[in-house]
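So for the sequence shown, this note's numbering puts the first residue at 279; every next one is plus one.
The beta-carbon is built from N, C-alpha and C at its ideal position, and this holds for glycine as well.
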Amino acid sequence: MKKFFLFSFLVAFVFTSLLFASDKKFGKKLTLKETTKISDILENPESYLGKKVLVKGEIIDVCENAGCWMNISSGSADQFIKIKVKDGEIVFPVEAKGKTALAEGEVYKIELDHEAAIKYFQHFAEDAGKEFDPKTITGPVTIYQIKGFGAVIKNFK
């Protein structure tokens with residue numbers, strides 16, 4: 279009898295959680311139906327430049343200051359891409375970390391000389407509340423990101 283009540287409670291809890299959790303939309307409505315693997319973009323980023331893509335993955339980091347970017351991983355901590363939006367246009371909530379997101383936007387690149395790369399990574403480290411060692415930047419850097427138009431965070435309250 280005790281097991282029955284415990285099972286009933288768990289079923290009710292899961293049902294209630296699902297009932298109140300829903301997909302939350304940010305920015306423009308997603309228009310693409312097929313996703314592009316983040317790993318494919320990172321393996322051959324030049325072939326995606328200027329192209330509109332839809333990516334899916336776990337949100338591993340979000341800008342803590344303005345919610346103006348989020349990093350989405352394709353399953354491997356070292357394989358992620360930054361979805362960057364115009365400050366204030368879309369605000370990604372920090373609480374979305376660990377959730378699954380679909381994000382649509384255009385792939386672009388940023389080419390930075392050594393000094394600009396240090397400033398860039400220092401800025402994002404500060405946004406994330408992390409330490410940054412400028413010695414880790416040894417030369418010019420090319421970064422590939424997605425200019426975000428819209429996103430959907432799955433099962434987000």
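Across the set Tyr422, Ile431, Phe427, Gly426, the C-alpha of Tyr422 shows the shortest separation from the C-alpha of glutamate 321. Two segments are said to touch when three or more pairs of C-beta atoms, one from each, lie closer than 8 Å; by this definition the segment 330-338 touches the segment 374-381. Residue environment for asparagine 433: exposed (fewer than 16 other C-beta atoms within 10 angstroms of its C-beta).
Contact check for serine 352 against lysine 315 passes: the beta carbons are separated by less than 8 Å. DSSP places alanine 403 inside the alpha helix (DSSP H), whose first and last residues are 392-406. The three-state secondary structure of aspartate 318, taken from DSSP, is helix. Checking the DSSP bridge columns, you'll see glutamate 342 has no partner listed.
About 5 Å separates the Cβ atoms of isoleucine 431 and lysine 302, confirming a contact at the 8 Å cut-off.
Asparagine 433 is not bridged by DSSP to any residue. The Cβ atoms of valine 333 and threonine 313 lie closer than 8 Å to each other. The residues Gly328, Lys329, Lys330, Val331, Ile424, Lys425, Phe427, in chain order, have a CB closer than 8 Å to that of glutamate 384 in the same chain once the five nearest residues on each side in sequence are set aside. Excluding the 5 residues flanking it on each side, isoleucine 415 has same chain C-beta neighbours closer than 8 Å at His392, Ala395, Ile396, Phe399, in chain order. DSSP, read as helix, strand or coil, puts threonine 378 in strand. For threonine 420, the secondary structure class from DSSP, reduced to helix, strand or coil, is strand.
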